[in-house]
Every structure is written in C-alpha cells, then in structure tokens.
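**Q** Residues in the sequence shown are numbered from 0 upward in steps of one, following numbering that gives the first Met the number 0.
Just passing along the structure, written as structure tokens.
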Amino acid sequence: MAKGNAGRRGFLVIVVLAVIGAVVASQFLGPDGSFSLDVDGGSHSRAMPFERAADELRRMREQVDWHEDIVTERARIELTDGADLKKRLPAIDTFPLVVVPAAGAGNAVVEIFASTEKSGTGTDGWMVRVAEEFNNAGLRLKSGRPAQVAIRKIASGTGHDFIASRKHLPQGYTPSNELWISMIRAEGVAVEPIAERTVGNIAGIVMKQSVASRLREKYGRIDVPTLVDAVVQGSLVMGYTDPFASSTGLNFLVTVLNRFSDNQPQAMLSPAVVSAFESFQKGVPFVALTTLQMRESVERNGSLDAFVMEYQTYVQTASLKS
Numbered sequence: 000m001a002k003g004n005a006g007r008r009g010f011l012v013i014v015v016l017a018v019i020g021a022v023v024a025s026q027f028l029g030p031d032g033s034f035s036l037d038v039d040g041g042s043h044s045r046a047m048p049f050e051r052a053a054d055e056l057r058r059m060r061e062q063v064d065w066h067e068d069i070v071t072e073r074a075r076i077e078l079t080d081g082a083d084l085k086k087r088l089p090a091i092d093t094f095p096l097v098v099v100p101a102a103g104a105g106n107a108v109v110e111i112f113a114s115t116e117k118s119g120t121g122t123d124g125w126m127v128r129v130a131e132e133f134n135n136a137g138l139r140l141k142s143g144r145p146a147q148v149a150i151r152k153i154a155s156g157t158g159h160d161f162i163a164s165r166k167h168l169p170q171g172y173t174p175s176n177e178l179w180i181s182m183i184r185a186e187g188v189a190v191e192p193i194a195e196r197t198v199g200n201i202a203g204i205v206m207k208q209s210v211a212s213r214l215r216e217k218y219g220r221i222d223v224p225t226l227v228d229a230v231v232q233g234s235l236v237m238g239y240t241d242p243f244a245s246s247t248g249l250n251f252l253v254t255v256l257n258r259f260s261d262n263q264p265q266a267m268l269s270p271a272v273v274s275a276f277e278s279f280q281k282g283v284p285f286v287a288l289t290t291l292q293m294r295e296s297v298e299r300n301g302s303l304d305a306f307v308m309e310y311q312t313y314v315q316t317a318s319l320k321s
C-alpha cells in the first residue's frame with residue numbers, strides 16, 4: 000500500500016511540473032521558439048532570440064547586489080549532558096562485527112569492543128588480524144567447545160556509552176585509554192581488567208612547522224598553556240576529536256580543563272572553567288568523531304594549524320610528515 004501511494008505521489012509531481020512548464024512556455028516562448036520578455040504589464044513586450052535573452056538575463060544578474068559571508072561551523076562540545084544514554088544510542092548493529100566467529104551452536108564466543116585505530120584495515124587493523132588467526136587456530140576449551148572471538152569496531156567512547164547504559168554488554172572491551180574503564184566503574188558496572196595496556200600509545204598535538212615557529216616567536220615557547228591561550232586569542236586554528244567518542248579527544252579535554260582550573264581537579268567543571276572552555280571552542284572550527292576521521296580530514300584539507308592525534312597514527316601517516 001505504501002509503495003502504491005508513493006508511486007501516485009511521484010506521478011502527481013511529474014504532472015504538476017509538466018503543467019507549470021507548459022504555462023511558462025506559453026507566457027515566454029513565441030510560436031517560433033523565440034523568447035518573449037514582458038515588462039510593465041505588456042506595455043513594452045518584445046520578442047528576442049534565445050542568445051539575446053540570455054545576455055539580457057546576465058545583465059540583470061550583474062545588477063543584483065550581494066556580498067560573501069562565509070559561516071564556519073564551530074565546535075560544540077557540551078560538558079553537561081543529561082540525556083538518557085540508552086535512548087540516544089543507535090542499534091548496536093550500526094557498528095559492525097569486523098571479525099565474525101565461525102558458525103556453530105556449541106561454540107564459545109567472546110565479543111570484544113575494539114577501538115577504531117586497531118579494528119580497521121591495514122595498519123589500523125592489527126587486532127582484526129590477531130583475532131582471525133585465533134579463530135583459525137582451532138582452539139578448544141577444556142570442555143571441548145570451540146573457542147571463538149567476535150570483534151566489533153566501535154569508538155572507545157561509544158563503546159563506553161553502550162556498556163555504561165547497559166544497552167549492550169560485550170564480554171571484552173579494549174578502549175584506547177584507561178580513563179574509559181574508570182568511567183564505566185563510576186557508572187556502577189563491574190569490570191575486571193585483564194591488562195592495563197596492549198600496545199603503548201601517546202596522544203599529542205601535530206602542528207605545521209611554520210605555525211610552530213610563529214608561536215615560538217610570539218610566546219617564547221610551545222606548551223599546553225601556550226596552545227590553549229593561542230586558540231582563545233585567535234592566533235591558532237586547531238582541531239580535536241570528540242571527547243565523548245575518542246580517547247585522544249578525552250585526553251585533550253582533560254588537559255584543557257586542567258589548564259583552566261589551574262591544576263585543581265575539583266574545579267574542572269566549575270562555572271568559570273566551563274565558561275573558559277566555551278571561549279576556547281570558538282577557536283576550534285572542526286571536531287572529528289575519532290582520530291582516524293581527523294587524519295582523513297587533514298589529508299583532504301590541510302587548513303588546520305594544529306590538531307590532536309595519537310603517535311601511532313602519526314608515524315603511520317606519511318603525508319603528515321611531508
């Protein structure tokens with residue numbers, strides 16, 4: 000029934016457009032196909048060839064006054080969010096399994112949330128390769144059941160949201176930062192750490208060499224306080240990743256709030272610090288969801304002066320070092 004209605008609506012639109020086209024043609028096209036321009040209710044009606052009509056329209060267009068006003072979308076990270084996580088999150092199938100376990104009713108399967116920098120492809124997919132090798136090894140439990148793992152590619156913060164809201168609870172979770180584990184515990188979810196780290200990584204800030212030289216000349220040094228102040232003052236165009244999804248973004252957010260709170264953790268969410276952070280965001284035109292999206296954006300458009308990135312991603316991206 001819905002399909003039939005949609006078809007009738009489409010037919011109706013075509014008919015209406017055809018009628019409009021016929022009316023326009025009857026008003027402006029002469030019997031010989033020439034263009035007819037009517038001015039002041041017909042007192043100066045004249046027919047002209049198509050080429051001349053086009054020239055006339057171009058002349059009129061040049062008389063239209065206009066100005067260019069480019070609006071850049073700015074970062075909008077809200078530090079206080081009372082939304083219900085479970086209602087806000089999409090279906091878990093939105094984030095696909097990149098390693099699918101072998102089919103079998105008797106298989107023992109462990110699902111693992113893996114952050115995107117190690118559950119992708121190429122250099123970003125080392126955990127995928129390890130999981131596939133594990134599944135192909137034919138390992139069994141003491142009970143004789145085949146052991147299999149399923150890897151779900153999901154940003155660290157998004158994985159935290161699913162677990163904290165209890166909307167989907169995997170058997171394993173490997174984010175890019177231990178802070179997510181602490182946050183899950185704070186939500187009352189019991190977790191048992193297997194290892195504090197898998198592969199070591201460091202979050203940092205990548206900057207154009209010319210920009211670094213300019214900041215050293217202006218501020219005398221380059222450190223976190225200098226970078227934050229430069230963004231607030233409009234001297235630096237910077238991008239960072241969503242701290243609710245990306246470990247690098249979370250790391251950077253904590254660093255910035257620590258700067259604004261004068262190294263006092265208990266004051267990080269005070270009104271004064273939140274206000275300062277909002278001023279800081281005015282100098283951040285771009286927020287990527289994950290570090291990988293930030294990398295892809297920078298490779299396509301190098302307009303940012305500086306941006307946050309994990310060291311392992313940086314060293315694997317030749318274009319960022321050229």
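A virtual CB, placed ideally from N, CA and C, is assigned to each residue, including glycine.
No experiment lies behind these values; they were computed from the predicted model shown.
1. In its own chain, which residues sit with a C-beta less than 7 angstroms from the C-beta of Val-190, not counting the 5 before and 5 after it?
2. Below 8 angstroms, can you find three or more Cβ-Cβ pairs linking the region 54 to 66 to the region 83 to 96?
3. Is the beta carbon of Arg-294 closer than 8 angstroms to that of Thr-316?
4. Under the three-state reduction of DSSP, which class applies to Phe-251: helix, strand or coil?
5. For Phe-227 and Phe-306, what's the separation of their Cα atoms in angstroms?
6. Measure the alpha-carbon distance for Thr-240 versus Ala-52 and round it to whole angstroms.
7. Following the continuous alpha helix (DSSP H) through Leu-226, name the residue where it begins and the one where it ends.
8. Tell me the rounded alpha-carbon separation between Arg-147 and Val-109.
9. Which term fits Gly-56, buried or exposed, when burial requires 16 or more other beta carbons within 10 angstroms of its beta carbon?
10. Short of 7 angstroms in beta carbon distance, which residues of its chain neighbour Asp-304, apart from the five on each side in sequence? Order them along the chain.
11. Based on DSSP bridge pairs, tell me the residues matched to Met-308.
12. Does the Cβ of Pro-48 have 16 or more other Cβ atoms within 10 Å, making it buried, or fewer, making it exposed?
13. Exposed or buried, Asn-134, counting other C-beta atoms within 10 Å across all chains shown (16 or more means buried)?
14. Ignoring anything shorter than 3 residues, give me the beta strand (DSSP E) runs that lie fully in the region 135 to 164, in order along the chain.
15. Exposed or buried, what is Gly-156 when buried is set at 16 or more other beta-carbons lying within 10 Å of its beta-carbon?
16. Would you call the region 104 to 119 in contact with the region 136 to 147, where contact means no fewer than 3 C-beta pairs closer than 8 angstroms?
17. Roughly how many angstroms separate the alpha carbons of Leu-88 and Lys-166, rounded to a whole number?
18. Beta carbon of Lys-152, beta carbon of Gly-119: below 8 angstroms?
19. Considering Cα atoms alone, identify which of Gly-105, Ile-221 and Ile-150 is closest to Leu-140.
20. Give the DSSP-derived three-state secondary structure of Ala-113 in the structure shown.
21. DSSP three-state label for Gly-121, please.
22. Pull up the DSSP beta-bridge partners for Val-98, would you.
23. Could you check what DSSP says for Met-237 in three-state terms: helix, strand or coil?
24. DSSP has Val-108 in a bridge; who is on the other side?
25. Would you decide whether Lys-217 is buried or exposed? Buried here means 16 or more other CB atoms lie within 10 Å of its CB.
26. Can you tell me whether Pro-224 is buried or exposed? The criterion is at least 16 other CB atoms within 10 Å of its CB, across all chains shown.
27. Have a look at Met-343 and Glu-177 and give me their C-alpha separation to the nearest angstrom.
28. How far does the beta strand (DSSP E) with Thr-173 in it reach, from first residue to last?
29. What does a CB cutoff of less than 7 angstroms around Ala-275 pick up in its chain, not counting 5 residues either side in sequence?
30. Give every residue of the same chain whose Cβ lies closer than 7 angstroms to the Cβ of Leu-168, excluding the five residues on either side of it in the sequence, and list them in chain order.
**A** The short version:
1. The residue you call residue 190 lines up with position 191 of the sequence shown. Contacts found: Ile-180, Ile-183 and Arg-184.
2. No, because fewer than three Cβ pairs between the region 54 to 66 and the region 83 to 96 fall closer than 8 angstroms, the two stretches do not touch.
3. Counted from its first residue, the sequence shown places residue 316 at position 317. Counted from its first residue, the sequence shown places residue 294 at position 295. Going by C-beta atoms, Thr-316 is nearer than 8 angstroms to Arg-294.
4. Here residue 251 refers to the residue found at position 252 when the sequence shown is read from its first residue. Of the three classes helix, strand and coil, the one that applies to Phe-251 here is helix, per DSSP.
5. Translated into positions along the sequence shown, residue 227 becomes position 228. Translated into positions along the sequence shown, residue 306 becomes position 307. Sequence inspection shows Val at residue 227; the Phe mentioned does not correspond to that position. Cα to Cα, the separation comes out at about 12 angstroms.
6. Here residue 240 corresponds to residue number 241 of the sequence shown, with the count starting at 1. Here residue 52 corresponds to residue number 53 of the sequence shown, with the count starting at 1. Using only the alpha carbons, I get a separation of about 52 angstroms.
7. Position 227 of the sequence shown, counted from the first residue, corresponds to residue 226. Note, Leu-226: alpha helix (DSSP H), 223 to 231.
8. What you label residue 147 is simply residue 148 of the sequence shown in a count that begins at 1. What you label residue 109 is simply residue 110 of the sequence shown in a count that begins at 1. The residue you asked about is not Arg; residue 147 is Gln in the sequence shown. Cα-Cα distance, rounded: 6 angstroms.
9. One-based indexing of the sequence shown puts residue 56 at position 57. The sequence given here places Leu at residue 56; Gly does not occur at that position. Exposed: under 16 other Cβ atoms inside 10 Å.
10. Within the sequence shown, residue 304 is the residue found at index 305, counting from 1. Same-chain partners within the cutoff: Met-206, Lys-207, Val-210, Leu-235, Val-236 and Met-237.
11. Against the sequence shown, residue 308 aligns to sequence position 309. Gly-203.
12. Looking up residue 48 in the sequence shown gives position 49. Pro-48 should be labelled exposed.
13. For this step, residue 134 is matched to residue 135 along the sequence shown. By the beta-carbon neighbour count (other beta carbons within 10 angstroms, threshold 16), Asn-134 is buried.
14. 146 to 152
15. For the purposes of this step, residue 156 is taken as the residue at position 157 of the sequence shown. Buried, because 16 or more other Cβ atoms sit within 10 Å of the Cβ of Gly-156.
16. yes
17. One-based indexing of the sequence shown puts residue 88 at position 89. One-based indexing of the sequence shown puts residue 166 at position 167. Looking at the two C-alpha atoms, the distance is approximately 8 angstroms.
18. By one-based count along the sequence shown, residue 152 stands at place 153. By one-based count along the sequence shown, residue 119 stands at place 120. Yes, the pair counts as a contact, with Cβ atoms nearer than the cut-off.
19. Numbered from 1 along the sequence shown, position 141 holds the residue referred to as residue 140. Measuring from the Cα of Leu-140, the nearest candidate turns out to be Gly-105.
20. By 1-based counting over the sequence shown, the position of residue 113 is 114. Strand.
21. As a working note, residue 121 is residue 122 in the sequence shown. If DSSP states are grouped into helix, strand and coil, Gly-121 belongs with the helices.
22. Position 99 of the sequence shown, counting from 1, holds the residue named residue 98. Answer is Ile-150, bridged to Val-98.
23. Counting from one through the sequence shown, the residue named residue 237 turns up at place 238. Three-state result, Met-237: strand.
24. Locating residue 108 in the sequence shown gives position 109, counting from the first residue. Answer is Gln-147, bridged to Val-108.
25. By one-based count along the sequence shown, residue 217 stands at place 218. Lys-217 should be labelled exposed.
26. For the purposes of this step, residue 224 is taken as residue 225 along the sequence shown, with counting starting at 1. A residue is called buried when at least 16 other Cβ atoms come within 10 angstroms of its Cβ; Pro-224 does not meet this threshold and is exposed.
27. Given a span of 0 to 321 for the chain in the structure shown, any question on residue 343 remains unanswerable.
28. Here residue 173 is taken as the residue at index 174 of the sequence shown, counted from 1. Here the beta strand (DSSP E) through Thr-173 covers 171 to 173.
29. For the purposes of this step, residue 275 is identified with residue 276 of the sequence shown, where counting begins at 1. Cβ within range, chain order: Phe-259.
30. Within the sequence shown, residue 168 is the residue found at index 169, counting from 1. Correct list, in chain order: Ile-162.
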